[in-house]
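Asker: Numbering (my numbering), first residue to last: 1 to 433. Where a beta carbon is used, it is the ideal one built from N, C-alpha and C, also for glycine. The structure presented is a predicted model; accordingly, all values stated were derived computationally and were not measured.
1) Does the segment 261 to 268 come within contact of the segment 200 to 215, defined as at least 3 CB pairs closer than 8 Å?
2) Residue 299 to residue 171, Cα distance in whole Å?
3) From residue 81 to residue 75, what distance separates their C-alpha atoms?
4) Do you know how far the Cα of residue 111 is from the Cα of residue 227?
5) If you measure between the beta carbons of residue 117 and residue 133, is that distance less than 8 Å?
6) Starting from residue 281, follow its DSSP beta bridges and name the residues at the other end.
7) Among 3, 88, 46 and 84, which has the Cα closest to the Cα of residue 15?
8) Threshold first: 3 residues or longer. Then list the beta strand (DSSP E) segments lying entirely within the segment 1 to 58, N to C.
9) Within the continuous alpha helix (DSSP H) that includes residue 201, where are the two ends?
10) Would you say residue 115 and residue 358 are within 8 Å of each other, going by their C-beta atoms?
11) So what's residue 140 in DSSP terms, helix, strand or just coil?
12) CB residue 62 to CB residue 34, shorter than 8 Å?
13) Using a Cβ-Cβ cutoff of less than 6 Å, which residues in the same chain neighbour residue 389 once the five nearest sequence positions on both sides are dropped?
14) Just reading off the beta strand (DSSP E) that residue 233 is part of, what are its end residues?
15) Could you compute how far the alpha carbon of residue 12 sits from the alpha carbon of residue 126?
16) Compare the Cα-Cα distances from residue 234 to each of 265, 211 and 218 and report the closest residue.
17) Going by beta-carbon coordinates alone, are residue 425 and residue 144 separated by less than 8 Å?
18) Among 36, 304 and 276, which one has its Cα closest to the Cα of residue 459?
19) Roughly how many whole angstroms lie between the Cα atoms of residue 217 and residue 369?
20) Does DSSP put residue 241 in a helix, in a strand, or in coil?
21) Nearest to residue 403 by CA position, among 427, 421, 412 and 366, is which residue?
22) Check the DSSP bridge columns for residue 207 and list the partner residues they point to.
23) Which residues mark the beginning and the end of the beta strand (DSSP E) in which residue 370 is found?
24) Evaluate contact between the segment 264 to 282 and the segment 183 to 194, counting only Cβ atoms and requiring at least three cross-stretch pairs below 8 Å.
25) Quick one: Cα of residue 417 to Cα of residue 120, how far?
26) Let me check understanding here. Comparing Cα to Cα, which of 19, 231 and 28 lies closest to residue 338?
27) Determine the burial state of residue 8: buried for a count of at least 16 other Cβ atoms within 10 Å of its Cβ, exposed for fewer.
28) Using the DSSP secondary-structure output, state which residues sit across from residue 391 in a beta bridge.
29) Is the segment 315 to 332 touching the segment 26 to 33 in the sense that three or more CB pairs, one from each, lie closer than 8 Å?
30) Just grab the DSSP bridge partners of residue 113 for me.
31) Hey, is residue 366's beta-carbon within less than 8 Å of any beta-carbon in chain C?
32) How do the segment 140 to 159 and the segment 53 to 70 stand: do at least 3 beta-carbon pairs fall below 8 Å, yes or no?
33) Find out if the Cβ-Cβ distance for the pair residue 362, residue 213 is shorter than 8 Å.
34) How many angstroms separate the CA atom of residue 71 from the CA atom of residue 138?
35) Please look up how many angstroms separate the CB atoms of residue 252 and residue 164, rounded, as I've assumed it's under 8 Å.
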């Protein structure tokens, strides 16, 4: 969004910066905070919400802020927004209710907490930018709430789904037809756990749960479900095709058949080991022979399928663009079109015993696989984003998908309540009981 830089400078010149808040003080949140504070004119990060106030305060201090206070009520958060000061709190409702906070970034990756924050922020007229875990699981119903409130619910720039969506929108705007939206991944091992990923996590300053989510394929599945739900595309099979393609990504179009892709309405997918990683790619078709002639002149090949790609995604360095797009342009970086098109289903990481408690995303018990939502509904498959806290009613063998009928759902679960509302709103066939 090239226009965003000028729009932010106009807000800076007017003395009315876009005022935002962030939940979390982990790897991503610290990077977002530092970027906004040190590099983004026209945007003010007024509040960081975290259960550890010391970690929230340290995120500000690491970014160069010298004075940070603890907010005890929404009025103190509002005063920080108005005065250019910085506060921390462990109560997300204070940020969501405070006057002057225009947009909220939910960066924790915790779906239950994220759903609570997003719904509270939306109810108070604030735009929400969220991570793939939340958007891939409850995005459709949160988008419904946001539409009713007249605000934006969006995924975030810097993450692969929004990078794909930016490229998708660009290609459609020049008359091409995207047929594959793809992610480039270097490693995938369904059976990684927080134990196997501890050394990598420690070396990179992230949590072992986050590292496991990346390595076991759950994260890329949630990301591609987010893209599917924003484009209407499906998956060609459970888990996606996931071609191993250890060469330059430009040649991947040759692996696909244009007629088959059109018949499916386009697919989301990924390539394992392709270069340059970790970027994204889109395989698009040109229908006009003259268009094909121009593409050949532009060194794009003979067609009818062409590969376009972005060689990088800059994670927390670009997230502020989504916040600015929501506030200044009323535009979402990526958001669901409507009902869920692709879900990510919980699959046993090992042989699981009756009575075991599932630990959810990035844990020891399950990994996530993309599946078309029609299949998920028909077989009552359990979304991985709803797995945490579910207790198994009988043994489940390794690599078997888990059904609602296989588990006891935790009582009074906010995420399950939202999911029931989502299914009822869009007329889904399944229910968690």
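Answerer: Let me lay it out:
1) The segment 261 to 268 is not in contact with the segment 200 to 215.
2) As a position in the chain shown, residue 299 is number 299, starting the count at 1. As a position in the chain shown, residue 171 is number 171, starting the count at 1. Going from the Cα of residue 299 to the Cα of residue 171 covers about 16 Å.
3) As a first step, residue 81 must be located in the chain shown, where it is residue number 81. As a first step, residue 75 must be located in the chain shown, where it is residue number 75. Roughly 10 Å between the two C-alpha positions.
4) Residue 227 sits at position 227 when you count from the first residue of the chain shown. Residue 111 sits at position 111 when you count from the first residue of the chain shown. Answer to the nearest angstrom: the Cα atoms are 18 Å apart.
5) The count along the chain shown starts at 1 and reaches residue 117 at position 117. The count along the chain shown starts at 1 and reaches residue 133 at position 133. One thing to note: residue 117 has its Cβ no nearer than 8 Å to the Cβ of residue 133.
6) For the purposes of this step, residue 281 is taken as the residue at position 281 of the chain shown. As a beta-bridge residue in DSSP terms, residue 281 pairs with 182 and 309.
7) Residue mapping note: residue 15 aligns to position 15 of the chain shown, counting from 1. For the residues 3, 88, 46 and 84, the minimum Cα distance to residue 15 belongs to 84.
8) Entirely contained in the segment 1 to 58, the beta strand (DSSP E) runs reaching 3 residues are, in chain order, 18 to 23 and 43 to 49.
9) Position 201 of the chain shown, counting from 1, holds the residue named residue 201. Start and end: 198 to 204.
10) The count along the chain shown starts at 1 and reaches residue 115 at position 115. The count along the chain shown starts at 1 and reaches residue 358 at position 358. No, they are not a contact pair.
11) Taking the chain shown and counting its residues from 1, the one referred to as residue 140 is at position 140. DSSP places residue 140 in the helix class (H, G or I) of the three-state scheme.
12) Residue numbering aside, residue 62 sits at position 62 when the chain shown is read from its first letter. Residue numbering aside, residue 34 sits at position 34 when the chain shown is read from its first letter. Yes, the Cβ-Cβ distance between residue 62 and residue 34 is below 8 Å.
13) Locating residue 389 in the chain shown gives position 389, counting from the first residue. Around residue 389, the same chain offers 410 as residues with beta carbons nearer than 6 Å, after the five sequence neighbours per side are excluded.
14) Translated into positions along the chain shown, residue 233 becomes position 233. Premise fails: residue 233 is in no beta strand (DSSP E) and is neither H nor E.
15) Reading the chain shown from its first residue, position 12 is the one you call residue 12. Reading the chain shown from its first residue, position 126 is the one you call residue 126. Taking the straight line joining both Cα atoms gives about 20 Å.
16) Locating residue 234 in the chain shown gives position 234, where the first residue counts as 1. When each option's Cα is compared against that of residue 234, the closest is 265.
17) Position 425 of the chain shown, counting from 1, holds the residue named residue 425. Position 144 of the chain shown, counting from 1, holds the residue named residue 144. The criterion of a C-beta distance shorter than 8 Å is satisfied by residue 425 and residue 144.
18) No answer is possible for residue 459: the residues shown for the chain start at 1 and end at 433.
19) Position 217 of the chain shown holds residue 217. Position 369 of the chain shown holds residue 369. Cα-Cα distance, rounded: 8 Å.
20) Residue mapping note: residue 241 aligns to position 241 of the chain shown, counting from 1. Note: residue 241 maps to coil in three-state DSSP.
21) Against the chain shown, residue 403 aligns to sequence position 403. Among 427, 421, 412 and 366, the Cα nearest to that of residue 403 belongs to 366.
22) Start at 1 with the first residue of the chain shown, and residue 207 comes out as number 207. Looking at the DSSP assignment, residue 207 forms no beta bridge with any residue, so it has no partner.
23) The residue you call residue 370 lines up with position 370 of the chain shown. Start and end: 366 to 372.
24) Taking a cut-off of 8 Å on C-beta distances, the segment 264 to 282 touches the segment 183 to 194, as three or more cross pairs fall below it.
25) Start at 1 with the first residue of the chain shown, and residue 417 comes out as number 417. Start at 1 with the first residue of the chain shown, and residue 120 comes out as number 120. So the alpha carbons of these two residues sit roughly 15 Å apart.
26) Sequence index remark: in the chain shown, residue 338 carries index 338 (1-based). The option with the nearest alpha carbon to residue 338 is 231.
27) Taking the first residue of the chain shown as 1, we reach residue 8 at position 8. By the neighbour-count criterion, in which 16 or more other beta carbons inside 10 Å mark a residue as buried, residue 8 falls on the buried side.
28) In the chain shown, the residue the question calls residue 391 occupies position 391. Paired residues: 357 and 408.
29) These segments touch.
30) Along the chain shown, read from residue 1 onward, the residue named residue 113 stands at position 113. According to DSSP, residue 113 shares a beta bridge with no other residue.
31) As a matter of chain content, chain C is missing from the structure shown, which is built from one protein chain.
32) These segments do not touch.
33) For this step, residue 362 is matched to residue 362 along the chain shown. For this step, residue 213 is matched to residue 213 along the chain shown. If you check the CB distance, residue 362 and residue 213 come in under 8 Å.
34) The count along the chain shown starts at 1 and reaches residue 71 at position 71. The count along the chain shown starts at 1 and reaches residue 138 at position 138. The straight-line gap separating the alpha-carbon atoms of residue 71 and residue 138 is approximately 30 Å.
35) Here the question's residue 252 lines up with position 252 in the chain shown. Here the question's residue 164 lines up with position 164 in the chain shown. A Cβ-Cβ separation of about 14 Å leaves residue 252 out of contact with residue 164 under the 8 Å criterion.
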